[in-house]
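Numbering (the working numbering), first residue to last: -10 to 270.
Take a look at the structure below.
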Ligand SMILES: [Zn+2]
Ligand SMILES: [Zn+2]
């Protein structure tokens, strides 16, 4: 069983990288790729643990690209994890994120909510700070009943404590991954919030920027979704990848390997990335 898309505490997952590798082994995974948001910090720890457990490991990341109206995430696999240009791009994104969090705190304080950045940092357990950690503190302090309510009332786009993110363009995201020798893959195409023609047009444009793969297997895809995206990938000579987008207890009901229950990522997905990496050697 394979899973090529998951998050640890290095971004917004709830399991530390080594623990995630153990969870993967327990779930029966033979192959795992860790794909934290905008960081490579967890890869060494996860790789060491996976290796000791006999689980094949691929270093990855997931870059949040500038895009409207939905979400565009670009997955990278097998890049040089010490590539200076890639690390500098990621540092830029993280600096912008560091400025964003104090602004969210100020907005929440202006709304009369008593919350500090220190409390949010404690909730993150030392990992990258994100809105799920704000949501957790708001829940723990009794301002909301659930994390989702924190997003709906305050933190989601269009809500009063939302602060825009600084992001890389799709082209820069792909270039950062490929510049470091990695394979660039468009994640969860349904989250683009486009109809079929819209997705096809975006994929075609991204192929022009160097896109090499499409995440055809995903936690909530129907068989019809998967078939449609496999056909689109074939049209453009893209490899297909897949994964659960597991975030631990932050997102209940999603399991490593099987996603929401239907997910089965075939071995060709892993092999496709390995082949692409050989081509670019
Ligand atoms: Zn994503
Ligand atoms: Zn993800």
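The C-beta atom is built at its ideal place from N, Cα and C for all residues, glycine as well.
Since the model is a prediction, treat every value here as computed from it, not as a measurement.
Exercise for review: Could you tell me if residue 256 is buried or exposed, where buried requires 16 or more neighbouring beta carbons within 10 angstroms of its beta carbon?
Suggested key: Label assigned to residue 256: exposed.
Review point. When the distance is taken between beta carbons, is residue 56 closer than 8 Å to residue 121?
Key: No, they are not a contact pair.
Review point. To which residues of the same chain is residue 12 closer than 7 Å at the C-beta, ignoring the five residues directly before and after it?
Key: Once the five neighbours on either side are set aside, the close Cβ partners of residue 12 are 4, 245.
Practice item. Please confirm whether residue 47 and residue 22 have their CB atoms less than 8 Å apart. Key: For residue 47 and residue 22, yes; Cβs fall inside 8 Å.
Review point. On the three-state DSSP scale, how would you describe residue 21?
Key: It is a strand residue.
Check your understanding: By Cβ distance, which residues of its chain are closer than 6 Å to residue 20, with the 5 residues on each side in sequence left out?
Key -> If you ignore the 5 residues before and after residue 20, its C-beta comes within less than 6 Å of the C-beta of -9, 45, 259, all in its own chain and listed in chain order.
Exercise for review: Kindly provide the chain-ordered list of residues whose Cβ lies closer than 7 Å to any non-hydrogen atom of ligand 2.
Suggested key: Ordered by chain, the residues meeting the criterion of a beta-carbon within less than 7 Å of a non-hydrogen atom of ligand 2 are -6, -4, 24, 26, 51, 62, 176, 234.
Review point. Mind checking residue 27: buried by the 16 CB within 10 Å criterion, or exposed?
Key: Label assigned to residue 27: buried.
Point to revise | Paired residues, beta bridge with residue 52 - DSSP | key: Looking at the DSSP assignment, residue 52 forms a beta bridge with 63.
Exercise for review: Tell me whether the beta-carbon of residue 64 lies closer than 8 Å to the beta-carbon of residue 204.
Suggested key: In contact: residue 64 and residue 204 (Cβ atoms closer than 8 Å).
Practice item. Look up residue 204 in the DSSP assignment and give the residues it is bridged to. Key: Looking at the DSSP output, residue 204 bridges to 230.
Check your understanding: Which runs of the alpha helix (DSSP H) spanning at least 4 residues fall entirely within the segment 153 to 215, listed in chain order?
Key -> Listed in chain order, the complete alpha helix (DSSP H) runs (minimum 4 residues) inside the segment 153 to 215 are 159 to 168, 185 to 197.
Exercise for review: Output yes or no for whether 8 Å exceeds the beta carbon distance between residue 110 and residue 97.
Suggested key: No, Cβ-Cβ distance for residue 110 and residue 97 is not below 8 Å.
Check your understanding: Which ranges does the alpha helix (DSSP H) cover as unbroken runs of at least 4 residues, wholly within the segment 53 to 136, from first to last along the chain?
Key -> Fully enclosed alpha helix (DSSP H) runs of 4 or longer: 73 to 99, 106 to 113, 120 to 129.
Exercise for review: Quickly, what does DSSP pair residue 26 with across the bridge? List them, please.
Suggested key: Bridge partners of residue 26: 51.
Review point. Comparing alpha-carbon positions, which option in 41, 53, -4, 61 lies nearest residue 30?
Key: Among 41, 53, -4, 61, the Cα nearest to that of residue 30 belongs to -4.
**Study point:** Residue range of the alpha helix (DSSP H) that includes residue 44
**Key:** Unbroken run through residue 44: none, as it is neither H nor E.
Point to revise | Cβ shell of residue 144 (< 7 Å), same chain only, five flanking positions each side left out | key: Within the same chain, residue 144 has close Cβ partners 120, 123, 124, 150, 151.
Check your understanding: Mind checking whether residue 2 and residue 210 have CB atoms under 8 Å apart?
Key -> Their beta carbons are not under 8 Å apart, which means residue 2 does not touch residue 210 by this criterion.
Point to revise | Close Cβ partners of residue 261 (< 8 Å) along its chain, the five nearest in sequence each way excluded | key: Cβ within range, chain order: 202, 228, 229, 230.
**Study point:** Residue interval of the alpha helix (DSSP H) (run including residue 269)
**Key:** For residue 269, the enclosing alpha helix (DSSP H) covers residues 256 to 269.
**Study point:** Euclidean distance between Cα positions of residue 54 and residue 264
**Key:** For residue 54 and residue 264, the gap between their C-alpha atoms comes out near 25 Å.
Review point. Start and end of the alpha helix (DSSP H) containing residue 15?
Key: Unbroken alpha helix (DSSP H) run through residue 15: 6 to 15.
Practice item. Taking the CB atoms as reference points, tell me whether residue 155 and residue 85 lie closer together than 8 Å. Key: In contact: residue 155 and residue 85 (Cβ atoms closer than 8 Å).
Review point. Can you tell me whether DSSP reads residue 245 as helix, strand or coil?
Key: Per DSSP, reduced to three states, the secondary structure at residue 245 is coil, with no helix or strand assignment.
**Study point:** Cβ separation of residue 52 and residue 157, assumed to be a contact under 8 Å, to the nearest whole Å
**Key:** Between residue 52 and residue 157 a beta carbon distance of about 6 Å is seen, short of the 8 Å cut, so the two are scored as contacting.
Practice item. Compute the Euclidean distance between the alpha carbons of residue 95 and residue 178, then round it to the nearest angstrom. Key: Rounded to the nearest angstrom, the two C-alpha atoms are 34 Å apart.
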